[in-house]
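Working notes, structure below.
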Amino acid sequence: MNTDALQASWRYVERAGDEATQYFYAHLFLAHPEVRDMFPTRMTAQRAKFFAALGRIVSNVETLAADSEFVAQLGRDHRRFGAVAAHYPAAGASLLATLAHFLGPRWTAELAQTWTGAYQAVAGIMVEAADRAANTPAWWDAEIVSTERRSIDVTVITVRPLHEYPYEAGQSLAVEIPQRPRLWRYFTPANAPRADGTFDLHVQVVDGGEVSATFARTIRPGDQVRLGAPVGTAFVFPPQAVDNLLLIAGGSGLAPMRAIIERIEQESRHTGYTPRVQLFHGVRTTWDLYDHEALTALTENPWFTYTPVVSEDPGFHGVQGMVGAVAARGRDLTGCTALVCGSPAMVAATVAALSAAGMPRHAIRYETFGQAPAAGSAAPAADRGFDKVDQWM
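Each residue of the sequence shown is one higher than the last, beginning at 0 in numbering that gives the first Met the number 0.
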């Protein structure tokens, strides 16, 4: 399959920007009006995200097929939107129609055949994965137990699934709240699994976000939400597999780190072993250190250290700067495994800082959610930290 032709043609269509996106959806909804209800009512941000993800995934078909778990997970996840096998040809036909329209004379019979084969390969992986998962729920219903405003922007929300919800510390899940139907967003439980099944979500208000402000500020105990299946592998590992763990969190990216620390505590009671754990929590202002008291208390454990880092508050008396640069500066990273969680920009900056400090790339682990893989990358999915796509395909 001519991957270079796929990626070059997709880059050309991407230049059309929102015009190509609008053409795709107009074609899809006119040809198949039955799929309209699977998408959010307001699609300003969502439509661009989905269309970009669709093209980038298909144009990276060879890389993804070689490590198909990313695409398989998409197939399993998209069951929560009501996607069935019959819907995939509809999206594929609209994608091809959009490519043909914007490529014009560049859209040759050979290129059309290449795109058709690539899309069918991706769709085939997704449909097969969805079929294999047919005996598991497409989503779980859950109830809000409590909410606690921790800062101006962060609310800790305790959730209780109505049925058993198996997940591992460090995994994430998509959540749909009743106030924003069909707008699923990824969050990470901030605790290891509990006997009563509840878990805490750290919900941080994101500027311009369609879900976070509503979730953080208007959700109430007793409200019903939906949960997608747990996803993610980068933060899931036996604590005894590492000797020196470097946790670097930005904002509410602290959540998976809290879950991992709790799991280490729990397993140490049975094994007697704990790795050395260094946590750096980066925020903009002192007020954003929403879990400072609890984390400080955890430093009573001899294996745990905690460093709060503030970037935009000159009055803060502790460490100031960008958290990734601070964590990488002036320390021996030999034998460390780093887990990084935060905004895409924070993750990218931290990975760059750790790499510049000599940490090998395979020792830096991260997962982000909500975007598609970048076209043209040849690294395997596990190494790229592929994002999950929170819309049906």
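Just so it is clear, CB atoms sit at the ideal spot from N, CA and C, and this is done for glycine as well.
Distance, residue j Cα to residue i Cα
i	j	result
Tyr11	Ala117	17 Å
Ala351	His31	44 Å
Phe28	Leu98	17 Å
Ala380	Val34	In this prediction, Ala380 scores a pLDDT of 31, lower than 50, which makes its location untrustworthy; the coordinate-derived value is nonetheless stated afterwards. Distance between the alpha carbons of Ala380 and Val34 is about 29 Å.
Gly91	Tyr24	12 Å
Arg328	Val241	21 Å
Leu102	Thr20	14 Å
Gly369	Thr333	Because Gly369 carries a pLDDT of 42, less than 50, the predicted location of this residue cannot be relied on, and no value is offered for it.
Arg78	Ala137	5 Å
Ala122	Glu147	42 Å
Arg257	Phe214	21 Å
Asp195	Val144	12 Å
Trp302	Ala85	53 Å
Ala129	Ala189	28 Å
Ala15	Tyr22	10 Å
Ala133	Gly74	11 Å
Ser376	Met37	Because Ser376 carries a pLDDT of 37, less than 50, the predicted location of this residue cannot be relied on, and the following value inherits that uncertainty. If you take the alpha carbons of Ser376 and Met37, they lie about 30 Å apart.
Glu96	Ser67	It is worth fixing the name first, because residue 96 is Ala in this sequence and not Glu. So the two alpha carbons sit approximately 26 Å from each other.
Thr298	Pro307	12 Å
Asp222	Arg193	21 Å
Leu94	Val325	44 Å
Selection from the options that minimises the alpha carbon distance to residue i
i	options	result
Leu200	Thr187, Ala293 and Arg330	Thr187
Gly120	Val70, Pro136 and Phe80	As written in the sequence, residue 120 is Ala, which differs from the Gly given in the question. Measuring from the Cα of Ala120, the nearest candidate turns out to be Val70.
Leu278	Thr284, His316 and Gly323	Gly323
Thr113	Trp9, Ser171 and Ile124	Trp9
Arg179	Tyr87, Ile218, Glu366 and Val83	Ile218
Pro313	Val83, Thr284, Cys335 and Ala15	Thr284
Val174	Arg184, Gly357, Thr306 and Asn134	Arg184
Pro237	Tyr365, Gly54, Pro274 and Gln6	Pro274
Ser251	Val235, Ala362, Ser171 and Phe49	Ser171
Arg216	Met0, Ile176 and Phe234	Ile176
Phe50	Glu18, Asn300, Thr197 and Glu366	Glu18
Val126	Leu161, Thr107 and Asp76	Asp76
Glu13	Thr2, Leu53 and Asn1	Leu53
Asp287	Ala344, Val276, Arg268 and Ala248	Ala248
CB-CB length for residue i against residue j, believed under 8 Å
i	j	result
Ile259	Leu246	7 Å
Sequence-distant residues of its chain with Cβ nearer than 7 Å to residue i (five each side left out)
i	result
Ala347	none
Leu253	His201, His280 and Asp290
Ala356	Ala327 and Leu332
Cβ shell of residue i (< 8 Å), same chain only, five flanking positions each side left out
i	result
Met358	Ala327, Leu332, Cys335 and Ala337
Ala212	Val204 and Val205
Ala89	Leu27, Ala30, His31 and Val34
Ser310	Gly281, Val282, Arg283, Gln319, Gly320, Met321 and Val322
Cβ neighbours of residue i in the same chain (closer than 6 Å, five flanking residues each side left out)
i	result
Tyr272	Gln239
Arg149	Val155 and Tyr289
Pro152	The sequence shown places Asp at residue 152, not Pro. Result list for Asp152: Gln203 and Val204, in chain order.
Thr294	According to the sequence as given, residue 294 is Leu; it is not Thr. Answer for Leu294: Tyr305, listed in chain order.
Val57	Ala117, Tyr118 and Val121
Pro255	Gly169, Thr187, Phe234 and Cys340
Practice task
Taking 8 Å as the threshold, find out whether the segment 156-164 comes into contact with the segment 203-212 through three or more Cβ pairs.
Solution key: no
Problem - Sufficient close CB pairs (3 or more, under 8 Å) joining the segment 226-234 to the segment 262-276 - result: no
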